[in-house]
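For what it's worth, the working numbering labels the leading residue of the sequence shown as 12, then goes sequentially.
The structure appears below as structure tokens.
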Amino acid sequence: TPIRRTPVARMLSTKKALLCLVSTTVASAWVHSAPLLRTTTSMIAASNRPSPRLWASEPGTTDPSTLSDQTDTPVILPDFDSLEDYLAYMERVSALPKGFAIGTADGTFVSAEAPSMGKLPIRATIIYLTEGSTENWAAVFTKNKFPGAPIQVGRQRLADGGPLHALVINNKVSNVCAGGDGVGNAELVCNAVAQELDLPNGASSVLPSSTGVIGWRLPAQELATDVVPKAAKALQMESALAAAKAICTTDRWPKVRSQTLSNGARVVGIAKGAGMIEPNMATMLSYIMTDAIIPKATLQTMLTEAVNGSYNSISVDGDESTSDTVALVASNVVSNTDEAEFRDSLRVVCQGLAQDIVRNGEGTGHVLRVHVLKFPGTDAEARRLGRHVVNSPLFKCAVSGNDPNTGRLAAAIGSFLGKF
């Protein structure tokens, strides 16, 4: 069945030259406009409605069959008619940078909070730096005032400034607001990784992440004694796709973006997230790997900039999560990297993953992209305007009904400007 298109709604304020573009289709397609790599502020949001075609990214884009030899992802992905086609394409673009290995494994646990549910599945993923630990890594965490235990551990690791040798991620249980010692449980899993991989700096060189149910205790013993050892034995150096699949929870499909620099260095990112998505980070985890040599301070600055223009500019349901983490890790294998080129590649990867998260949002059937031009305030204030528009219930209802009423758009803009 052909996808029903709806017109682009435009409103221009002659006083402030404020331009907002919104495009929606039943298949969560993206607006026909230039890529996000420009000096504009953009907010992307999803509204709920079942989607008959999950793999469309942009109407009329390149047939994926012509991209069989492509190893990088464009800003806008091609259309896909099936999950199989999408996964085959993802496999082609998921080659790991040099110096990285990934292993995943499954296990089971019985929730202390809900034992009547019986044995439940849980999965762990290890990202391992094969060439040794690195001082060059950066991270950005949620601003939620009730952060999970892994966030507390990660913040301390970042503040300590020590080297990083591995990351461990589990799904199913988020280790947030749980009984017992959440930080201790996270450290127990990190220690298991350090022992299995014989890391010289021990658990302090392992960065933990958890995603899943809030309020349940982390099954740390099951992870440490069963799942982590199996994940360590499953380490492979070929593809990031296995990790992209393993970290998913309510995601409908895995997300990978990649770029290759002129010196051969690669930037490869994976992400998960479908609900509790709102600026200031969301219920999402994202891990970006590169074999380029970039100093730690420079990596942190670049990552913060990239996050503000990508993950902090999206919304699905307006709820900010307790577990969000974006980590950028360099294995320091490929030298002579142009920092400006790396910054652009990092931005492309982050923006692509942010777009994928919105398209993959829980119940998403429409996607709105709002561009704010010539705003009289700061970039942060312009993002607040974008957030106000995309979270307007009346405007989202209009879009969901395939009637993007410009009056409701004007009302949302006017409401914000009145407060501004």
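Ideal Cβ placement from N, Cα and C applies to all residues, glycine included.
| Asked | Found |
| --- | --- |
| Please report the Cβ distance between residue 161 and residue 240, rounded to the nearest whole angstrom; I am assuming they are in contact, meaning their Cβ atoms lie under 8 angstroms. | With a Cβ gap of about 20 angstroms, residue 161 and residue 240 do not count as contacting. |
| Have a look at 366, 134, 253, 85 and flag the residue whose alpha-carbon is nearest the alpha-carbon of residue 235. | 134 |
| Write down every uninterrupted run of the alpha helix (DSSP H) in the stretch 159-210 whose length is 4 residues or greater and which is fully enclosed by it, in chain order. | 160-171, 193-208 |
| Look at the alpha carbon of residue 401 and the alpha carbon of residue 96, and state the distance between them as a whole number of angstroms. | 31 angstroms |
| Would a C-beta distance cut-off of 8 angstroms place residue 136 and residue 242 closer than the cut-off? | yes |
| Could you please give the first and the last residue of the uninterrupted alpha helix (DSSP H) stretch that includes residue 310? | 307-319 |
| Which residues in the same chain as residue 163 place their Cβ atom closer than 7 angstroms to its Cβ, once the five residues preceding and following it in sequence are excluded? | 194 |
| Where do the ends of the alpha helix (DSSP H) carrying residue 417 lie? | 417-430 |
| Between residue 180 and residue 87, is the Cβ-Cβ spacing less than 8 angstroms? | no |
| For residue 321 versus residue 362, is the C-beta spacing smaller than 8 angstroms? | yes |
| Using beta-carbon positions only, say whether residue 149 and residue 310 come within less than 8 angstroms of one another. | yes |
| Mapping DSSP to helix, strand and coil, what is residue 225? | coil |
| Ignore the nearest five residues each way along the sequence and tell me which others in residue 45's own chain have a CB closer than 6 angstroms to its CB. | Confidence is the limiting factor: at residue 45 the pLDDT is only 31, short of 50, which leaves the residue's position unreliable and the question unanswerable from this model. |
| Check the DSSP bridge columns for residue 105 and list the partner residues they point to. | Paired residues: none, contrary to the question. |
| Can you find the residues in the same chain that come closer than 6 angstroms, C-beta to C-beta, to residue 183, ignoring five residues on each side of it along the sequence? | 133, 223 |
| Taking only the alpha-carbon atoms, compute the straight-line gap between residue 302 and residue 343 and give it to the nearest angstrom. | 5 angstroms |
| By the DSSP assignment, the alpha helix (DSSP H) with residue 404 in it spans what residues? | 404-411 |
| Return the Cβ separation of residue 213 and residue 205 in integer angstroms, given the expectation that the two are a contact with Cβ distance under 8 angstroms. | 5 angstroms |
| Can you look up residue 300 in the DSSP assignment and give me helix, strand or coil? | strand |
| Around the C-beta of residue 397, are 16 or more other C-beta atoms found within 10 angstroms, so that it is buried, or is it exposed? | buried |
| Return yes when the Cβ of residue 348 is within less than 8 angstroms of the Cβ of residue 423, no when it is not. | no |
| Please state the DSSP three-state secondary structure of residue 251. | coil |
| Say whether chain B places a C-beta atom closer than 8 angstroms to the C-beta of residue 424. | Any reference to chain B falls outside this structure, which holds one protein chain only. |
| Is the distance from the Cβ of residue 245 to the Cβ of residue 115 below 8 angstroms? | yes |
| Per DSSP, what kind of secondary structure is residue 155 in: helix, strand or coil? | coil |
| For residue 384 and residue 326, what's the separation of their Cα atoms in angstroms? | 19 angstroms |
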